[in-house]
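Take a look at the structure below.
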Amino acid sequence: MTLAGKHIIVTAGPTHEPIDPVRVIANRSSGKQGFAIAQAAAEAGAKVTLIAGPVWLETPPGVHRIDVETALEMAAATEAALPADCAILVAAVADWRVDPATAKLKKADGPPDLHFIANPDILVGLGQSPRRPRLLIGFAAETDNVIANAVAKRTAKGADWIVANDVGSGVMGGDRNRVALISGDGVEDWPEASKDEVARRLLERIAAALG
Ligand code: C5P
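For the sequence shown, our numbering gives the first residue as 15, with consecutive numbering after it.
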């Protein structure tokens, strides 16, 4: 398998949405699956741009890493990294942000009344872009109705493939994953494996699809 000459964008990790200069809204994504995918893509010979939210993982060898904090920064960095042959959006992007206070909110003032604003959906944006990567892959982390939700998400978001994973059972932060690959051809259940093995298997499929 070779991906020489191909450019692959990977987003990974959570985003942090600031509430004030010291507080953020975060999620439990560790970034491990996204980093494993970036590593497998680089090992297969691709030029890899990894756009990472706040995680404490080493950059895989040969991978160009761009660190971001918020969903807006991740969206801008992803757009700036185009064109690409393939984008794999593994990041757990925060769905909402708040308008952050410029000074630290004081506990004595009582619980803040947070007003949420929807973040842009990077996957949907890429799907509609004139520079849409030829192969656009999203992830769907679900705790219930995993497959049905992921199948619906593939069409709703304009992705070619969705990798569905059940995050109800210690997947987030762990080293193993059990996923299903959802494409226009149907649903393929993959056996439970390490995140590295899932990454290599996905990259084999990507190499075959990109020819
Ligand atoms: O709708 P949901 O968040 O479950 O969709 C998950 C997929 O969409 C993932 O591939 C994720 O990286 C991507 N996504 C995104 N931008 C968002 C929200 C999700 O790219 N704001």
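Glycine is no exception: its CB is placed at the ideal position from the N, C-alpha and C atoms.
No residue range can be given for Arg-148, since it is assigned to no beta strand (DSSP E) and is classified by DSSP as neither H nor E. Under the DSSP assignment, Thr-25 falls in the beta strand (DSSP E) whose first and last residues are 21-26.
Looking only at Ala-98, Ile-131, Pro-125, the smallest Cα-Cα distance to Asp-113 is reached by Ile-131. Excluding residues up to 5 positions away in sequence, Ala-50 lie with their Cβ nearer than 6 Å to the Cβ of Asp-210 in the same chain. In this structure, the C-beta of Ala-170 stays at least 6 Å away from each heavy atom of the ligand C5P.
Pro-126 and Val-36 have their alpha carbons spaced roughly 14 Å apart. Unbroken beta strand (DSSP E) runs of no fewer than 3 residues, entirely contained in the stretch 62-108, are found at 77-81, 100-103, following chain order.
The three-state secondary structure of Asn-133, taken from DSSP, is coil. Ranking Glu-202, Val-107, Asp-109, Thr-92 by CA distance to the CA of Ala-101 puts Thr-92 first.
For the pair Ala-155 and Thr-16, the Cα-to-Cα distance works out to about 28 Å.
The three-state reading of DSSP puts Ala-60 in coil, since its state is none of H, G, I, E or B.
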